[in-house]
Amino acid sequence: MPISKVLIVDTTLREGEQTPGVNFTVDEKLEIARALDGVGVHMIEAGDPNVSEDVYQAVKLIAKDGLQAEIIAHCRANVRDVDRALSCDVDRVAIFLGVTEAKLKSMRITEEEAIARVVEAVEYARSHGVKVRFTAEDGTRAKYDFLVEICRRAVEAGADRISLPDTVGIMTPWRVQEFFERVTRDVKGVEFDCHCHNDLGMAVANAIAALEGGATGVHVTVNGIGERAGITGLETLAVALKVLYGLEVVKLDKLTWLSALVERLSGVVVPPHAPVVGENAFSHKGGVHVAAVLYDPSTYEAYPPELVGRRREIVVSKYSGKHAVKARLEALGIQLSDELLEKVVEVIKSRQDVRTYRDADLIEIAEKISGVKLSPEVPSKVEAVILVKCDPNVYTTSIARRIASIKGVMEVYEVSGEYDVQVKVSAPTVSDLNDCLESIRGIKGVSGTHTHLILKSLRPIQGELS
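Remember, this note's numbering sits 52 above the position in the sequence shown when you count from 1.
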């Protein structure tokens, strides 16, 4: 069926924080919530206030911040947990219970007792005036007749949304679509959410299939972070819906900024090849590819990088032809004749040990071949080594991961001695270097830094420095 309605339910602050090594502070959660609201997500799952005091404080703070998005507190199906969630003054309580046979056995309850728990919790929450979502945890693997019954009873008790998670990420798109078509037919008077885990790499495809099957809500996290292999990534899903269906569900031009924010605060580095926000998402290397893209970008791009606030990158390497080299040099303000360009390409292809040519490398080759000192429009580079001292009670690896996600950071090492982390930074200007340094100092748990500017880089050759 056609996709008629899409609500983005962002759970970066709950599911995302369940990523190993991720631990947002209360202030960081508020910052992320405001960013999500600015991008235009419809609902924000702020966390389970029963987990810890800091999660409770964060949920409460976000709920009273006046955001446009609906704020959700997550909790188990019992009155005590619901009470704690209600005390945060949220818009909605999401009540969950595992519904597979294995889960019921582990809780030592029958199907009837499970239904009674859900009904009691939902009715209690509704009696306090909040909206309620029932999450049938691992719903895609539950006995179907029982799943339908517990969902119907939750709706009768007052739930207006039901989430059916693919908790271990084993569904396929066609099975997901069929599943949601069936359950939306059998359970009336409620809208359904999908929550797709990415264990087999199908979270985005499964989420789209769920929408085609009749779901209206999709659970996402920024950068797809979460338990194990994570869940549906906000940025990839949003762009897919725009490109494939013409649906703009959030502000697409803010996705790159949002991704960088969560990357920095979570310490989980986005892979270079990640769709939409990865460093290489709009990079072109092959000679045939580059020539075609320079003529018509749609030949090798599903959508323009400007859609998400990015720019196209032409990579120069042994695969490059004249078109790529010419485009890169012209971007630096350098014009060469076709004859000289051919010679530059020959040199590049002859150096098999070079992975990628930086602008400075390309300029050096062009100068040698042309015999002319060129004046490229390229900023000078400032490099430094920053030594970082951490508080004694913090997890050093977590801080190192956060540092690694900061723009300009090239290398990060955990070291022994007086300092705990060594960082190599490369920035176009001193001002940018200072911004990078302030970002490092702003990480909670960093107690001090010491900076050394790099004056010269020497490479050892056969045991000697050259």
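Note that the Cβ used here is the ideal one computed from N, Cα and C, for glycine as well.
Bear in mind that the values here come from a model prediction, so they are computed numbers and not experimental data.
Reduced DSSP category for residue i - H, G, I as helix; E, B as strand; rest coil
i: V367; result: coil
i: V155; result: The identity of residue 155 in the sequence shown is Lys, whereas the question assumes Val. If DSSP states are grouped into helix, strand and coil, K155 belongs with the helices.
i: W222; result: The sequence as given places Ile at residue 222; Trp does not occur at that position. Reduced to three states, the DSSP call for I222 is coil.
i: D245; result: strand
i: F148; result: strand
i: V320; result: coil
i: S335; result: strand
i: H375; result: helix
i: I123; result: strand
i: T273; result: strand
i: S104; result: coil
i: G68; result: helix
i: L252; result: coil
i: R160; result: coil
i: L299; result: coil
i: E470; result: coil
7 Å CB neighbourhood of residue i in its chain, flanking five on each side removed
i: V301; result: V58, I60, A290 and L293
i: G191; result: V151, L199, L216 and P217
i: V242; result: V207, A211, D212, R213 and I214
i: H180; result: L138
i: P431; result: Because the pLDDT at P431 is just 48, under 50, the model does not fix this residue reliably, and the point stays unresolved.
i: H544; result: Residue 544 lies beyond the stretch modelled for the chain, which goes from 53 to 518, so this question has no answer here.
Residue closest to residue i, alpha-carbon to alpha-carbon, out of the options
i: D443; options: S499, I400 and T224; result: S499
i: E490; options: T448, Y471 and V440; result: V440
i: R227; options: Y355, V239 and A259; result: A259
i: R204; options: A177, D238, L216 and L346; result: D238
i: A262; options: P54, A206, Q120 and S389; result: P54
i: D245; options: N275, D79, V270 and T77; result: V270
i: E315; options: S468, R234 and G278; result: G278
i: K378; options: A115, D411, A168 and G319; result: D411
i: I438; options: K425, S389, L426 and C488; result: C488
i: N445; options: G221, D472 and L149; result: D472
i: E391; options: E365, L381 and K374; result: K374
i: S372; options: G338, P349 and A383; result: G338
i: R280; options: S350, I366, A255 and H336; result: A255
i: S56; options: T268, A146, A154 and T236; result: T268
i: L384; options: A344, P356, L426 and L346; result: L426
i: K112; options: M95, A121 and V78; result: V78
i: L65; options: D305, S318 and P356; result: S318
i: R178; options: R364, I147 and T408; result: I147
Alpha helix (DSSP H) segment containing residue i, residue limits
i: S204; result: The question names Ser, yet the displayed sequence has Arg at residue 204. R204 -> alpha helix (DSSP H) spans Y196 to A209.
i: V170; result: E163 to S179
i: C488; result: V482 to R493
i: I421; result: D411 to S422
i: K401; result: D390 to S402
i: I458; result: Taken as a continuous stretch (DSSP letters only), I458 belongs to no alpha helix (DSSP H), as it is neither H nor E.
i: L82; result: V78 to V91
Residues of its chain near residue i, where Cβ-Cβ distance is below 8 Å and the 5 sequence neighbours each way are ignored
i: T162; result: L156
i: K370; result: I400, K401, R403, Q404 and V406
i: E230; result: G265
i: I495; result: I451, R454 and I455
i: R493; result: T501
Inter-residue spacing [alpha-carbon to alpha-carbon] between residue i and residue j
i: L252; j: I415; result: 44 Å
i: K81; j: Y196; result: 37 Å
i: K183; j: P225; result: 30 Å
i: V131; j: A354; result: 49 Å
i: P173; j: P101; result: Residue identity check: residue 173 is Ala in the sequence provided, not Pro. One C-alpha to the other measures close to 16 Å.
i: G497; j: V74; result: 14 Å
i: W309; j: R160; result: 46 Å
i: S450; j: V91; result: 27 Å
i: Q109; j: C140; result: 8 Å
i: E201; j: K240; result: 12 Å
i: G210; j: G361; result: 42 Å
i: L393; j: P327; result: 33 Å
i: V467; j: E175; result: 55 Å
i: Q70; j: T273; result: 11 Å
i: V321; j: G68; result: 13 Å
i: I458; j: N486; result: 12 Å
i: D135; j: D89; result: 26 Å
Same chain, Cβ closer than 6 Å to residue i, neighbours up to 5 away in sequence not counted
i: L505; result: A436
i: K395; result: I421
i: A115; result: I123, C140, D141 and V142
i: Q313; result: Before going further, note that residue 313 is Leu rather than Gln in the sequence given. Excluding residues within five positions, the ones whose Cβ falls inside 6 Å are A87.
i: G221; result: H249, N250, D251 and L252
Limits of the unbroken beta strand (DSSP E) element including residue i
i: S499; result: V498 to L505
i: S478; result: V473 to A479
i: A188; result: K183 to E189
i: I96; result: M95 to G99
i: D212; result: Taken as a continuous stretch (DSSP letters only), D212 belongs to no beta strand (DSSP E), as it is neither H nor E.
i: I438; result: V434 to C442
i: D62; result: L59 to D62
Residue i Cβ short of 6 Å to the ligand GDP heavy atom set
i: G118; result: You won't find the ligand GDP in this model; it holds no ligand whatsoever.
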